[in-house]
Structure formats: structure tokens, C-alpha cells
Amino acid sequence: MIATADAIELETDRLLRSLMHVDCDPRGKTWNYETCRAIAPLTLEINQLKQEKDAVILAHSYVEPEIIYGVADFRGDSYFLSMKAREARAKVIVFAGVVFMAETAKILSPDATVVVPDRGSGCSLADSLTGAQLRELKALYPDATVVCYINSTAEVKAESDVCVTSGNVYHIVEHLPAKRILFVPDRLMGQNLREELRRRGVDKEIITSDGTCMVHDQFTPDDIAAARHRYPGLKVVSHPECPPEVAEVSDFVGSTGAMMKYVKTTGAPYYLMLTECGLVGRLQVESPEKEFIGGCRLCPYMKLNSLEKVRDALRAPRPDQIVTLDEDMRRRAARCIERMFELSPTD
Ligand code: 13P
Ligand code: SF4
Numbered sequence: 001m002i003a004t005a006d007a008i009e010l011e012t013d014r015l016l017r018s019l020m021h022v023d024c025d026p027r028g029k030t031w032n033y034e035t036c037r038a039i040a041p042l043t044l045e046i047n048q049l050k051q052e053k054d055a056v057i058l059a060h061s062y063v064e065p066e067i068i069y070g071v072a073d074f075r076g077d078s079y080f081l082s083m084k085a086r087e088a089r090a091k092v093i094v095f096a097g098v099v100f101m102a103e104t105a106k107i108l109s110p111d112a113t114v115v116v117p118d119r120g121s122g123c124s125l126a127d128s129l130t131g132a133q134l135r136e137l138k139a140l141y142p143d144a145t146v147v148c149y150i151n152s153t154a155e156v157k158a159e160s161d162v163c164v165t166s167g168n169v170y171h172i173v174e175h176l177p178a179k180r181i182l183f184v185p186d187r188l189m190g191q192n193l194r195e196e197l198r199r200r201g202v203d204k205e206i207i208t209s210d211g212t213c214m215v216h217d218q219f220t221p222d223d224i225a226a227a228r229h230r231y232p233g234l235k236v237v238s239h240p241e242c243p244p245e246v247a248e249v250s251d252f253v254g255s256t257g258a259m260m261k262y263v264k265t266t267g268a269p270y271y272l273m274l275t276e277c278g279l280v281g282r283l284q285v286e287s288p289e290k291e292f293i294g295g296c297r298l299c300p301y302m303k304l305n306s307l308e309k310v311r312d313a314l315r316a317p318r319p320d321q322i323v324t325l326d327e328d329m330r331r332r333a334a335r336c337i338e339r340m341f342e343l344s345p346t347d
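For the sequence shown, position 49 matches number 49 in my numbering, and the numbering has no gaps at all.
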């Protein structure tokens, strides 16, 4: 597609209005007139291809801001995007995120062609546990209800009783009838869950496997103490994939969607966001009056997504970009995710 000079100018303006606010990138990447002008032909092409192919683009908040604000139809956290994937009536779903998210979209929308921009976009949590390893764990704890965090492979979901996300994990586990819970694959989220249930006076035994998120497991209470010292009135906002000693001294702990809501509805001058930098970029665009101090980190997997790869996956996906799942496994994984939708809080 050849865009006219006028169309490119208009698109540059549209991109610049959002992207000019983003300046939290530890790589030093910034967006100005020149960078927006350079990507405008590509975002125009992708938006045109979406119509031609009857495609929808779902983007997790951690991917590059030019994807989020340039071409995504829906942007958000894992729970929101899994609902959007389930409701999607498009022929093609492009998932700009990581592979387990695209697998979840395929599980919930089996008739759509689901594509990933980069097949290498794994996740240290999802990659920490195979279906076979989970079967071994289940044999050790046959009476446990198996709860998997959505950051897990389709095979692990197929072996689990119920799926959870960072936004509903406490609520769902609190209300499960079983006392013994086998929670996989996030050890740190499992520890945070144990603490939160204790605070709520809920008697459960939480057994975990040993995975961690390579981004969130890096944050320490010392990061927080140093920042609080420098910025009086600071609010510290963290994700439940962080270590419990970090969660304990944070002002708010929640999913990326809940973290955004907290910042947007809190009147503090400064925020330390203990999560992936993409979320800070989103807040700089959507809450430009707030100030975010350093601290966020990059997820190398999320950052494998690019506009060029999104365009290629839409134009003519290579076999490695198309998500396929064994049908029996898909059905079993779908049951585990549908159970999550049934048990999720309604607000
Ligand atoms: P949420 O956006 O669902 O909170 O998940 C965060 C995350 O690390 C996804 O990989
Ligand atoms: Fe996985 Fe962590 Fe990256 Fe999310 S931020 S995709 S949990 S490695």
C-alpha cells in the first residue's frame, strides 16, 4: 500500500499525540516527530491490512507503545485480553504479547487464526513447568485442587482445575472449597497468595512449583526504601509476581490493569511502578500529569514484538507464527479457563 503524503502527515500527528509522552524507556528510546513520521507508513499499512484480513490486534500493556497506540484494537492485562479473545468474531487474531497469551486466545477462539508476531516470545514463568512435570506434582498431592496462573502453557492449563490471573487469584482461591491448593507455576505469587489468605483469615495450604517472572523477581525492598527517602509522598505500586517482601512494603499490589486504575484514581505526586516499563509508558500517555520515578524494567520477550513483525504476521503469516493446538488438549484447557470466568469477581 502506498500512502499519500497527506495521509502520512495525519498519521504522524495521531501517533505523536500519544507517543510524545513516553520517556521511561531504559534503552533511551523516545518518540518525537521524526520517529513518528518514520513509523506512520507502517501503522497505516497495518490498519489497512486489519480491514482486508478481518483481523483484530490484541496488545498487552508491556509491548512497544507504537503497537499499543498505533495499531492495537484492545490493550490491557491478561484477564481483559482473554475476554476480548473469547468475544472476538474476527477471522484473525494477532496477539502482540507472548506465546502463552496467544495460546489462550486460540483456546478461547478456536475458529480464528491466531498469530504471534515472534514465536520466540516465551515467558520465564510459562517456560518453567511442562505438562509432564505438573502430572508428577499432581501425583504427589492427589487431593489438591490444581490452580494455574494464566502465565502457563496450554498443556499445563489442560492439566489444571482452574486458571487465575493476577487480577482474580486471591478471590478465586479464597472461594475454592478445597483446603489444599497446588498453585503453579509462580512461586512468588504463591507466597503472596499465602500471605493474603492469612490476612483474610482463610485457612488454606498453598503448595507451589518453582517458577518466577524474570522481570518482577528482580525488585527488592531496598529499591523501595531508597526511593521513599528521595521522594516524600511517593506511592509504591507493585505486581503480585514480585517477591512478598516487596509486596509487603508497597502501597498497592495488583494486576497491571488494577495498577493503572490505582494510579489514575490516586492523588499522589510521585509513583514507583515495580513492573515492566511498558505499563509506565501507558500511564505517561494516559495520566500525563503524574510523575513516575525510575525503577521499571524491560521484559525481553514482550519486547520481541515490533510493528514490522505484526505487519508480516498479518500479511502472510509463516507457519511458526500460527498457533495450533491439539483439539483434546485445547478443550481441557478451555474448561480450566471457563472455570476462571465463572469464579471471577463481577466488578
Ligand atoms: P497482568 O497484565 O495480567 O497483570 O500480567 C502481567 C504479566 O507479567 C504478564 O506477563
Ligand atoms: Fe513472563 Fe515476566 Fe515477561 Fe510477563 S514480564 S511475559 S511474566 S517474563
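Yeah, the Cβ is synthetic: ideal placement off N, Cα and C, and Gly gets one too.
Can the beta-carbon of residue i be found less than 9 Å from the beta-carbon of residue j?
{"i": "VAL323", "j": "ALA102", "result": "yes"}
{"i": "ALA77", "j": "ILE57", "result": "The sequence as given places Asp at residue 77; Ala does not occur at that position. The answer is no: Cβ separation not under 9 Å."}
{"i": "ARG37", "j": "ILE2", "result": "no"}
{"i": "LEU129", "j": "VAL184", "result": "yes"}
{"i": "GLU66", "j": "THR43", "result": "yes"}
{"i": "GLU195", "j": "ALA247", "result": "yes"}
{"i": "PRO243", "j": "PHE219", "result": "yes"}
{"i": "ARG228", "j": "ARG75", "result": "no"}
{"i": "CYS299", "j": "TYR62", "result": "yes"}
{"i": "TYR170", "j": "ARG200", "result": "yes"}
{"i": "ASP350", "j": "ALA178", "result": "Because the chain is modelled from 1 through 347, residue 350 falls outside the range shown and cannot be assessed."}
Hey, out of the options, whose CA is closest to residue i's CA?
{"i": "ALA96", "options": "ARG199, GLY254 and VAL310", "result": "VAL310"}
{"i": "ARG17", "options": "ALA132, LYS106, TYR69 and SER160", "result": "TYR69"}
{"i": "GLY211", "options": "TYR149, HIS171 and VAL236", "result": "TYR149"}
{"i": "LEU343", "options": "ASP161, VAL249 and GLU195", "result": "ASP161"}
{"i": "THR12", "options": "ILE39, ASP186 and ARG119", "result": "ILE39"}
{"i": "MET259", "options": "ALA227, PRO232 and PHE292", "result": "PHE292"}
{"i": "HIS216", "options": "ILE224, PRO232 and GLU241", "result": "GLU241"}
{"i": "VAL253", "options": "PRO232, ALA268, THR275 and ALA154", "result": "THR275"}
{"i": "VAL224", "options": "ARG27, VAL237 and ASP143", "result": "At residue 224 the sequence reads Ile, which differs from the Val that was named. Of ARG27, VAL237 and ASP143, the residue nearest in Cα terms is VAL237."}
{"i": "ASP25", "options": "CYS123, GLN133 and ARG297", "result": "ARG297"}
{"i": "PRO288", "options": "PRO185, ARG27, MET20 and CYS336", "result": "MET20"}
{"i": "THR265", "options": "THR346, HIS171, LYS290 and GLU248", "result": "LYS290"}
{"i": "GLN133", "options": "GLU159, ALA112, GLY122 and ASP111", "result": "GLU159"}
{"i": "MET302", "options": "GLY294, GLY28, TYR141 and LEU279", "result": "LEU279"}
{"i": "THR113", "options": "GLY281, ALA55, ARG230 and SER209", "result": "ALA55"}
{"i": "VAL249", "options": "GLY267, ARG282, ASN47 and MET273", "result": "MET273"}
{"i": "GLY131", "options": "ASP111, SER152 and TYR141", "result": "SER152"}
{"i": "GLU338", "options": "GLU87, CYS277 and ASN305", "result": "GLU87"}
{"i": "CYS163", "options": "ASP186, ASP143 and PRO142", "result": "ASP186"}
{"i": "CYS277", "options": "LYS179, ARG27 and THR4", "result": "ARG27"}
{"i": "TYR231", "options": "ALA178, LYS179 and GLY294", "result": "GLY294"}
{"i": "ARG331", "options": "GLU34, LYS53, TYR33 and ASP111", "result": "ASP111"}
{"i": "SER209", "options": "ARG135, ALA268 and ASP222", "result": "ARG135"}
{"i": "PHE341", "options": "ARG318, ALA226, MET83 and PRO221", "result": "MET83"}
Would you mind giving the Cβ-Cβ distance between residue i and residue j, rounded to the nearest angstrom? I have them listed as a contact below 8 Å.
{"i": "VAL146", "j": "LYS138", "result": "6 Å"}
{"i": "LEU325", "j": "TYR270", "result": "Contact flag wrong, Cβ pair sits at about 44 Å."}
{"i": "ALA333", "j": "VAL116", "result": "Between VAL116 and ALA333 the Cβ distance is about 17 Å, and since that is not below 8 Å, they are no contact."}
{"i": "ALA154", "j": "MET329", "result": "6 Å"}
Might you give, ordered along the chain, the residues of its own chain that have their beta carbon closer than 6 Å to the beta carbon of residue i, omitting 5 neighbours on each side?
{"i": "TYR79", "result": "THR165 and GLY167"}
{"i": "LEU176", "result": "THR145"}
{"i": "VAL285", "result": "SER18 and HIS21"}
{"i": "GLN48", "result": "MET1"}
{"i": "LEU81", "result": "LEU58"}
{"i": "THR256", "result": "SER61, ASP77 and LEU279"}
{"i": "LYS50", "result": "none"}
{"i": "ARG335", "result": "none"}
Can you name, in chain order, every residue of its own chain whose Cβ lies under 7 Å from the Cβ of residue i, other than the five neighbours on each side?
{"i": "ALA316", "result": "none"}
{"i": "ASP320", "result": "ARG119"}
{"i": "ALA85", "result": "LEU58, ILE93, THR104, ALA105, LEU108 and SER109"}
{"i": "TYR262", "result": "VAL237, PHE252 and GLY254"}
{"i": "GLU45", "result": "MET1 and ARG311"}
{"i": "ILE206", "result": "ILE181, PHE183, GLY190, LEU193 and ARG194"}
{"i": "LEU10", "result": "none"}
{"i": "ASN305", "result": "VAL63, GLU64, ILE67, ALA96, PRO117, ASP118 and SER121"}
So who's on the other strand from residue i, going by DSSP bridges?
{"i": "GLY76", "result": "HIS60"}
{"i": "PHE219", "result": "Answer is none; PHE219 lacks a bridge partner."}
{"i": "GLY120", "result": "Answer by DSSP bridge pairing: none, since GLY120 is not bridged."}
{"i": "LYS235", "result": "TYR271"}
{"i": "LEU182", "result": "VAL146 and ILE207"}
{"i": "PHE95", "result": "LEU58"}
{"i": "CYS163", "result": "CYS148"}
Once you ignore the five residues that flank residue i on each side, which residues in its own chain have a CB closer than 8 Å to its CB?
{"i": "VAL99", "result": "VAL116, ARG119, SER121, GLY122, CYS123, ALA126 and VAL323"}
{"i": "THR30", "result": "VAL22 and ASP23"}
{"i": "LEU15", "result": "TRP31, CYS36, ILE39, ALA40, THR43, GLU66, TYR69 and GLY70"}
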